[in-house]
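Accompanying notes for the structure given below.
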Amino acid sequence: MTVDEKPIKYPGLPVLDGWVNLTEAAELLGITRQHAYKKLALAAAGKSGGWKSARRVGSQNTYVVSRPEIDELLAAKGAAVCGVSEAIKSSSAKKILHVDLDNTLVDFGARLEGIDPGVLDHYDGRYDEIPGIFAVMPPVVGAINAFTTLAEHFEIFILSTAPWGNPSAWQHKVEWVQLHFGFTADSPAYKRLTLTHRKDLSIGDFLVDDRPTKNGADRFTGEVIAFGSDDFPDWTTVTAYLLARA
Ligand SMILES: [Mg+2]
91 MTVDEKPIKY PGLPVLDGWV NLTEAAELLG ITRQHAYKKL ALAAAGKSGG WKSARRVGSQ
151 NTYVVSRPEI DELLAAKGAA VCGVSEAIKS SSAKKILHVD LDNTLVDFGA RLEGIDPGVL
211 DHYDGRYDEI PGIFAVMPPV VGAINAFTTL AEHFEIFILS TAPWGNPSAW QHKVEWVQLH
271 FGFTADSPAY KRLTLTHRKD LSIGDFLVDD RPTKNGADRF TGEVIAFGSD DFPDWTTVTA
331 YLLARA
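336 is the number that this note's numbering gives the last residue of the sequence shown; the numbers go up by one with no jumps.
Encoded structure:
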């Protein structure tokens with residue numbers, strides 16, 4: 091091995107052609123440094139999961155791993171992630187449909203006119219942070235029937251973002267779902283509520299959302315249906331479109 095004269099990313103650690111030190115290996119593989127060092131112990135003990143190519147270099151306790159081994163592990167990791175995604179999809183004969191909550195199933199603006207103007211003023215532009223606001227909102231016209239119908243044809247989930255600044259909204263969202271769809275296992279929404287700020291991390295074929303670019307919706311890997319847009323102004327058009335693609 092020859093020492094590379096290129097700038098050293100981690101001062102004090104050598105950079106060698108075709109090799110990476112354990113800190114960099116951990117970074118490349120998305121594992122902790124502790125895990126990278128544990129793989130040394132596994133290799134020394136001849137157990138699976140250990141490095142195949144690890145070498146000690148210099149007089150310090152510095153170890154390096156070959157770049158081809160890193161590439162091999164990265165390729166295996168990518169294949170495993172794809173495999174999990176495909177397994178989740180194929181475990182269901184039905185296509186996966188996610189439906190947003192605020193202003194898609196819940197008519198969020200419907201009851202604002204009854205609220206103290208001073209409170210509205212204080213929460214201007216962030217009405218979803220008004221304590222208790224969520225519980226009193228009615229469904230969007232046709233939303234409950236549409237969701238119930240679509241649940242027969244799709245593996246359906248509610249995919250919503252709850253405001254970080256209003257913890258009661260997290261509770262009120264599940265209560266709203268239970269109130270309008272039912273609490274028990276025969277509800278089409280039973281244990282099918284996902285609250286997240288990263289909608290792109292939910293796997294699915296379709297997402298119905300009135301804000302198709304927010305909270306990761308623009309990176310959702312399936313088709314995003316913009317609820318309230320010219321093409322999909324209401325649940326009648328959305329339901330017809332989806333049933334034709336179930
Ligand atoms: Mg919404």
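The beta carbon of each residue, even a glycine, is placed where N, CA and C say it ideally should be. Computed from a predicted structure; not experimentally measured.
Coarse secondary structure for residue 226, derived from DSSP in three states: helix
Exposure label - residue 108; buried when at least 16 CB within 10 Å: exposed
Less than 8 Å between C-beta atoms, sequence neighbours within five positions excluded: which residues of the same chain meet that for residue 131? 140
How far does the alpha helix (DSSP H) with residue 234 in it reach, from first residue to last? 233–241
8 Å contact criterion, which residue 190 and residue 250 should meet: CB distance rounded: 6 Å
Where does residue 240 land, buried or exposed, given buried means 16+ other C-beta within 10 angstroms? buried
Please determine if the segment 228–248 and the segment 194–213 are in contact, where contact requires at least 3 C-beta pairs separated by less than 8 Å. yes
Mind checking residue 273: buried by the 16 CB within 10 Å criterion, or exposed? exposed
Thinking C-beta only, is residue 302 closer than 8 Å to residue 308? yes
Beta-carbon separation of residue 110 and residue 154 under 8 Å? yes
Here's a check: name, in chain order, each residue in its chain whose Cβ is nearer than 6 Å to the Cβ of residue 318, leaving out the five neighbours to either side. 300
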